[in-house]
Amino acid sequence: MQTGLIHAYLLDGRGAGRRLQWQEVQQWTPAQGRLWLHFDYTDADARAWIGGPADLDPLVAEALLTEETRPRTTSIGDGLLIALRGVNLNPESQPEDMVSIRLWAEETRVISTRRRRLLSISDLCAQLDSGRGPTSSAGLVVAIADLLVWRMSDTVDNFEDVIDGLEDRVVGDASANLRLDLAMLRKQTITLRRYLSPQREALARFLGEKLEWISEADRLQLREVSDRLLRHIEDIDAVRERAAVTQEELMSRISEQLNSRMYVLSIIAAIFLPLGFLTGLLGINVGGIPGSENPHAFAIFSVLLVVTVAIQLVVFRWKRWL
Numbered sequence: 131m132q133t134g135l136i137h138a139y140l141l142d143g144r145g146a147g148r149r150l151q152w153q154e155v156q157q158w159t160p161a162q163g164r165l166w167l168h169f170d171y172t173d174a175d176a177r178a179w180i181g182g183p184a185d186l187d188p189l190v191a192e193a194l195l196t197e198e199t200r201p202r203t204t205s206i207g208d209g210l211l212i213a214l215r216g217v218n219l220n221p222e223s224q225p226e227d228m229v230s231i232r233l234w235a236e237e238t239r240v241i242s243t244r245r246r247r248l249l250s251i252s253d254l255c256a257q258l259d260s261g262r263g264p265t266s267s268a269g270l271v272v273a274i275a276d277l278l279v280w281r282m283s284d285t286v287d288n289f290e291d292v293i294d295g296l297e298d299r300v301v302g303d304a305s306a307n308l309r310l311d312l313a314m315l316r317k318q319t320i321t322l323r324r325y326l327s328p329q330r331e332a333l334a335r336f337l338g339e340k341l342e343w344i345s346e347a348d349r350l351q352l353r354e355v356s357d358r359l360l361r362h363i364e365d366i367d368a369v370r371e372r373a374a375v376t377q378e379e380l381m382s383r384i385s386e387q388l389n390s391r392m393y394v395l396s397i398i399a400a401i402f403l404p405l406g407f408l409t410g411l412l413g414i415n416v417g418g419i420p421g422s423e424n425p426h427a428f429a430i431f432s433v434l435l436v437v438t439v440a441i442q443l444v445v446f447r448w449k450r451w452l
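Those letters in the sequence shown? Residues 131 to 452, by my numbering.
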C-alpha cells in the first residue's frame, strides 16, 4: 500500500476519471489513458517512489519533493515542471499563509505533490467523479490553476469588505484597535501579493510553451485564468493603497486630536501664568507687602485676579485664539 498517495485518477478523455488503487497505478501504461497522481511529499514511501520507480529526471524529482518553492514554470524535455500556490483555507489558518503545490506534467501523466491540504484539489476530484473534469494532462493542470485562482476570490472580496469597514470606522471616529487592524490587513495583502505576482508570471510562461500536447482550448482557458489572477492582483493593490490612505487619515486625526488637547492646555497655562505671577509675588514673606494690614485686601486682590482673567479672555477672543 502506497501510504503517501492521496489521489490517483485515470482520465477517460470525456471529463470523467476513475480512481485507482496503488496496485493499478503500478500496472498503468500510457495506452490506458492519462494518469494523475497526487502525493503527500512528506511521506517516506512517496519520496522513495518519486525518487526512483517514477522514472523522473533527478531535477524534477528534487523539485517535487522540495520544502520551499516559489511559483514558476520550467520546461524540461517534453514536460513542464510547475509550482503554484493557493490561499490557505484550512481551519484555524491565515489566508496569506499560502499552500504550495508542485506538478510535473507530461502528455500522458501528471504528478502533483503537496504537504498541506488544498481545497482546490478536492474540487477537482469532485469534478472528475461527476464527469465534469478535464480531458487531458494540459487540461488537468489548467483546471488546477483555475481552481486555485477561483478560491482566491472570496479572500480578495473579504479584504475589500474589511477595508470598507475600517474606512467607516475612521470616518466615525471609532479608532479603538484601528491601527492594529490596519497593520494586520496590510501584512496580509503584502504577503499575498508577494506570491501572486510570480504566479502570474508562471502562468504566462506556461501559456508561452510550444508543446504539442497543450491544445488551443487549454491556452484560451489558461489566458482567462491569468486575466482573472491579474484582476485579483489589481484588487489587492487597491486594498493596499486604500489601507495606506486610511492609515494616513487615522494618523492625521490622531495628530489633530493631540494638537487640540495641547492647544487647550496652552490656553489654560496662558490664563494662569499672570495669576501665578501675582499670587507668587504677593506671597513672599518679606516686609512691605501691600494690604497686609488691610482687612479687605484679600477681597480686593481676588477681584483683581478676576478682572485679569476677564481681560485675558477678551484679548484671546480678539486674537481669535478661542
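From the three backbone atoms N, C-alpha and C, an ideal C-beta is built for every residue, glycine too.
Alpha carbon to alpha carbon, how far is Pro264 from Asp298? 44 Å
Mind checking whether Leu395 and His362 have CB atoms under 8 Å apart? no
Are Val286 and Asp365 close, meaning C-beta to C-beta below 8 Å? yes
Endpoints, the beta strand (DSSP E) within which Trp234 is located: Run containing Trp234: Val229 to Ala235, per the beta strand (DSSP E) assignment.
Between the region 332-349 and the region 377-397, do three or more beta carbon pairs fall short of 8 Å? no
Per DSSP, which one or two residues make a beta bridge with Tyr139? Arg149 and Trp166
Does the separation of the CB atoms of Ala146 and Gly295 fall below 8 Å? no
Spell out a yes or no on whether the region 243-258 and the region 327-334 are touching, meaning 3 or more CB-CB pairs, one atom from each, closer than 8 Å. Not touching, per the Cβ criterion.
Can you check whether the CB of Gly134 is closer than 8 Å to the CB of Phe169? yes
Taking the alpha helix (DSSP H) that Leu210 belongs to, which residues open and close that run? Counting along the chain, Leu210 falls outside any alpha helix (DSSP H), though it belongs to the beta strand (DSSP E) covering Gly209 to Gly216.
Quick check on the DSSP output: the alpha helix (DSSP H) that includes Thr204 runs from which residue to which? From DSSP, Thr204 is part of no alpha helix (DSSP H) but of the beta strand (DSSP E) over Arg202 to Ile206.
Among Ser382, Arg447 and Leu214, which has the Cα closest to the Cα of Arg309? Ser382
Separation of Ala256 from Met131, as counted between CA atoms: In this prediction, Met131 scores a pLDDT of 44, lower than 50, which makes its location untrustworthy; the coordinate-derived value is nonetheless stated afterwards. Met131 and Ala256 have their C-alpha atoms some 24 Å from each other.
Every unbroken alpha helix (DSSP H) within the region 259-336, with a cutoff of 4 residues, ordered by chain: 267-301
From Val433, Pro188, Leu359 and Leu452, pick the residue whose C-alpha is nearest to that of Asp276; which is it? Leu359
Could you say which of Arg245, Thr319 and Arg335 lies nearest to Thr172 if we only look at CA atoms? Arg245
Would you mind reading off the limits of the alpha helix (DSSP H) that contains Thr376? Glu346 to Leu412 is the extent of the alpha helix (DSSP H) around Thr376.
Taking the alpha-carbon positions, what's the Leu189 to Trp152 distance? In a straight line, the C-alpha of Leu189 is about 24 Å away from that of Trp152.
Return the residue from the list Gly413, Ser267 and Val437 that minimises the CA-CA distance to Arg349. Ser267
Using three-state DSSP, classify Ser242 as helix, strand or coil. strand
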